[in-house]
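In this note's numbering, the protein residues as written are 25 to 178.
Structural data, given as structure tokens:
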């Protein structure tokens, strides 16, 4: 069983979270969905990413979205997170994995497939311990690895 105490320390600055328990399940407050959600290892990573986007990169809460469905070849998939540009286009798509899940080529293939539908400028893949950032080069049909993503600016 997952408990608050078993949540792993991640490779992010320490952030404060609203946590509670309901029906013997740990919950974490998601400021994007504005509700408590079940605290799984992947959710723990996603909530750290959200806090990090807000605190370190200064992205407005109103431009961040999580856990939404998208259609790829008539199949329903869910992205873990996106950051929108003010014009509504997608600036960044995020794929979160649980800390024990290794980031592999398959993970990058997954986010690349999702990105065919959303056409983000940047990609982020993380398991909370290792973070990878890419910028899309649509003309060359590839992504270029970066050290980091840009801080928010209008």
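No residue lacks a Cβ here, since even glycine has one placed at the ideal position from N, Cα and C.
Buried versus exposed, by CB contacts within 10 Å (16 or more), residue 59:
Burial is judged here by how many other beta carbons sit within 10 angstroms of a residue's own beta carbon; residue 59 has fewer than 16 and is exposed.
DSSP-derived helix/strand/coil call for residue 111:
coil
Counted within 10 angstroms of its Cβ, other Cβ atoms place residue 67 as buried (16 or more) or exposed
buried
For residue 137 versus residue 88, is the C-beta spacing smaller than 9 Å?
no
Same chain only: Cβ atoms within 8 Å of residue 41, ignoring 5 sequence neighbours per side:
Around residue 41: 52, 53, 71 and 75.
Counted within 10 angstroms of its Cβ, other Cβ atoms place residue 144 as buried (16 or more) or exposed:
buried
Among 61, 32 and 98, nearest to residue 44 - alpha-carbon criterion:
Residue 61 is the option with its Cα nearest to residue 44.
Taking buried to mean at least 16 other C-beta atoms within 10 Å of its own C-beta, is residue 128 buried or exposed?
exposed
Do you know whose CA, among 130, 107 and 32, lies nearest residue 56's CA?
107
Which runs of the beta strand (DSSP E) spanning at least 3 residues fall entirely within the stretch 37 to 123, listed in chain order?
43 to 46, 49 to 54, 59 to 62, 88 to 96, 99 to 108 and 114 to 120
So which of 115, 119 and 98 has the shortest CA-CA distance to residue 105?
119
Range covered by the beta strand (DSSP E) that runs through residue 128
It is not in any beta strand (DSSP E) - residue 128 carries neither H nor E in the DSSP assignment.
Report, in whole angstroms, the separation of the C-beta atoms of residue 160 and residue 140, which I expect to be a contact under 8 Å.
Incorrect: roughly 11 Å between the Cβ atoms, too far for contact.
Rounded distance between the beta-carbons of residue 176 and residue 82, thought under 8 Å
4 Å
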